[in-house]
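These notes are about the structure you will find just below.
Residue numbers (this note's numbering): 77 to 295.
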């Protein structure tokens, strides 16, 4: 396992050295941000600059190449203006799944109303439905199905937030909060823990769940 606190310290220092005062926000997403990382987890780093140009991307890429565990680093880099004008249904998950390291994303909160959360649910469910149906008929990929269950967790988080006003980052804590437990979330947790894919059964469960979300959170 990576010592993420040490890695984040090195990363933050590098960003500040590279971009001086231009880094408006630095954060961490994904499993390391949620405290759920495994040895195989990516490091999802977030950097928001005052403005982003192609030369900044080149500079950032070169900077990342100097860091330890480069092969695990992914994430998001953007200009501030682009983020503040982003599709609000995406901003919901972005805000709540990002752990701040430097700066704050609180400016995004005024853009994330209940309709944005509802749209996030519907768009996420539609994308999962489409991909799962396609995978069932054409790709027949266990890896794709695993990925779709991972995506479904984010939609379930959005549903819980929409219904309760509370965002729960931890999958296990979310499952404990939902009563009765979510079969889709249970399956996602089992798959994360190495369970075998039961392709047809799990595909049917995910498609039916996505259908319910699409119908239940329409305009």
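By construction, the Cβ of each residue, glycine as well, lies at the ideal position given by its N, Cα and C atoms.
- The straight-line gap separating the alpha-carbon atoms of residue 214 and residue 202 is approximately 18 Å.
- By the beta-carbon neighbour count (other beta carbons within 10 angstroms, threshold 16), residue 247 is buried.
- In the DSSP annotation of this structure, residue 99 is not part of any alpha helix (DSSP H); the continuous beta strand (DSSP E) holding it starts and ends at 99-105.
- Note that the C-beta distance between residue 227 and residue 196 is not below 8 Å.
- The residue from 163, 86, 101, 176 with its alpha-carbon nearest to that of residue 139 is 86.
- Contact check for residue 149 and residue 205: beta-carbon distance about 32 Å, past the 8 Å limit, so the pair fails to qualify.
- Put simply, the region 123-135 touches the region 90-109. At least three CB pairs are less than 8 Å apart.
- Separation of the CB atoms of residue 193 and residue 234 is rounded to 6 Å, and the pair is thereby assigned contact status at 8 Å.
- Pairing residue 160 with residue 183 gives a Cβ-Cβ distance under 8 Å.
- In the structure shown, residue 80 adopts helical secondary structure according to DSSP, grouped into three states.
- Around the Cβ of residue 180, a 10 Å sphere holds fewer than 16 other Cβ atoms; the residue is exposed.
- In this model, residue 130 and residue 255 are separated by some 48 Å (Cα to Cα).
- The alpha-carbon of residue 112 is positioned some 31 Å away from that of residue 157.
- Apart from sequence neighbours up to five positions away, the residues of its chain that approach residue 107 with a beta-carbon distance below 6 Å are 113, 117, ordered along the chain.
- Taking C-alpha positions only, residue 278 is separated from residue 257 by approximately 16 Å.
- When only Cα atoms are considered, residue 245 and residue 237 end up about 11 Å apart.
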